[in-house]
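Working notes for the structure below.
2 protein chains.
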Amino acid sequence: MCKDNKRGEKYGPEKCECPSGRMTRFTEPCLLFFLAKKPSYGYELMDKLEQFGFTEGKPDPAMIYRTLRYLEKEGFVKSKWDTGGTGPAKRNYKITAEGVDLLHGWARSIRQRKEVLDKFIARYKKYFKGKMPKFQYSSLLLTF
Amino acid sequence: MCKDNKRGEKYGPEKCECPSGRMTRFTEPCLLFFLAKKPSYGYELMDKLEQFGFTEGKPDPAMIYRTLRYLEKEGFVKSKWDTGGTGPAKRNYKITAEGVDLLHGWARSIRQRKEVLDKFIARYKKYFKGKMPKFQYSSLLLTF
DNA sequence: ATCATCTATGTACAAATAACATATAGGTGT
DNA sequence: ACACCTATATGTTATTTGTACATAGATGAT
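Top line first, the protein sequences correspond to chains A and B. In terms of our numbering, the first sequence has 79 at position 79, counting the first letter as 1, and numbering is strictly consecutive. Just remember that our numbering sits 144 ahead of the position in the second sequence, which is counted from 1.
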């Protein structure tokens, strides 16, 4: 993410042009997907998220733990303390049938979202073809 | 959007399984794109946004007008009152060179985002191939 | 053995973003 | 005069994410 980003604050006085670089609403489906493949725990899942573009010095732990506890509260995952193995105790999560359903819902939404982005990019390309510039906002990570 | 959606409130007491159906952070790039093609004004732009999936009884006017004023404050667009024509006066917006640059930045981010979504969908498909279910969360619009 | 470091989970608070409700006002048709 | 459509705008709340920090067991080095 752009270090000088003050732009998030759209409705306040700050000023910076770069988009904010969030992984908006993407943590939850990713966690569900990884848990669908294999039970795991927060700290390990944090690393796996890098596969989906959460690359900036690791995804925020707060986000991961919060999301996991939320998912458990709603019955989409279940956890048990795992005191075996090395290091501090881990909270091991398994996905439930409801969680798998939710993941399917997410997949569907993500596909729709992707199609909208495709459409945007197609129109953008069509309009700007030929006059593609060197980008000014170059080092941005994901914006939304 | 799902009418019963109470799920946005993830960290509160409410409960509903459906993703929230927002057009997260997409208004700004869309507005910039339309203005790059042709000067326009808020009310007209509102209609055009439906082309990109803002279908639910029109996108929130507050969102459009606030984004436009934000963009003007930062110099990405400029406006003039247009009192000619029928009906109340319109505030006609034109994109600036800086605005076009910002649009390119957005396009880049959107492309990156799209690639992440592609990757997610590919892995999801690979893992669930064969066992694709009838979706339980069926009537969702865009989630993020 | 105490200190630094890594693993692991978590909370509190603040900032950013979007949604919802409402206000204002000119124009058009009846 | 009235309803209705166009057009812009603001205030407040709800939702989501980010930043900072707290806790604590294990491991290895001095």
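Glycine residues also receive a C-beta, built at the ideal position from the N, C-alpha and C atoms.
At the C-beta level, Leu176 (chain B) and Leu246 (chain B) come within 8 Å of one another.
For the 8 Å CB-CB criterion, Pro59 (chain A) and Thr27 (chain A) form a contact. Chain A places a beta carbon closer than 8 Å to that of Tyr268 (chain B), counting this residue as a contact. If you draw a straight line from the Cα of Glu194 (chain B) to the Cα of Gly85 (chain A), it comes to about 54 Å. It is roughly 34 Å from the alpha-carbon of Ser109 (chain A) to the alpha-carbon of Asp82 (chain A). Not a single CB atom of chain B sits nearer than 8 Å to the CB of Pro59 (chain A). Here Asp204 (chain B) carries a coil assignment [DSSP, helix/strand/coil]. For the pair Ser184 (chain B) and Arg66 (chain A), the Cα-to-Cα distance works out to about 43 Å. At a cut-off of 8 Å between beta-carbon atoms, Val77 (chain A) makes no contact with chain B.
The C-beta of Gly53 (chain A) comes closer than 8 Å to at least one C-beta of chain B. Taking a C-beta distance under 8 Å as the contact criterion, Leu117 (chain A) and Arg257 (chain B) qualify as a contact pair.
In the DSSP assignment, Lys114 (chain A) falls within the unbroken alpha helix (DSSP H) covering Ala97 to Phe128.
Residue-level contact check: Lys90 (chain A) does not touch chain B, since none of the beta carbons of chain B fall below 8 Å from its beta carbon. In this structure, DSSP gives Lys182 (chain B) a state outside helix and strand, which the three-state scheme calls coil. Inter-residue distance for Pro29 (chain A) and Glu115 (chain A) is about 17 Å (C-alpha atoms, whole angstroms). The beta-bridge partner set that DSSP reports for Arg235 (chain B) consists of B:Trp225. At a cut-off of 8 Å between C-beta atoms, Tyr271 (chain B) counts as an interface residue with respect to chain A.
Counting of Cβ neighbours within 10 angstroms places Gly53 (chain A) among the buried residues, the total reaching 16 or more. In the structure shown, Glu194 (chain B) falls within a helical segment according to DSSP collapsed to helix, strand and coil. Put simply, of A:Ala97, A:Met63 and A:Pro88 the residue whose alpha carbon is nearest the alpha carbon of Lys78 (chain A) is A:Ala97. Interface flag for Leu68 (chain A) against chain B is unset, since no Cβ pair is found closer than 8 Å.
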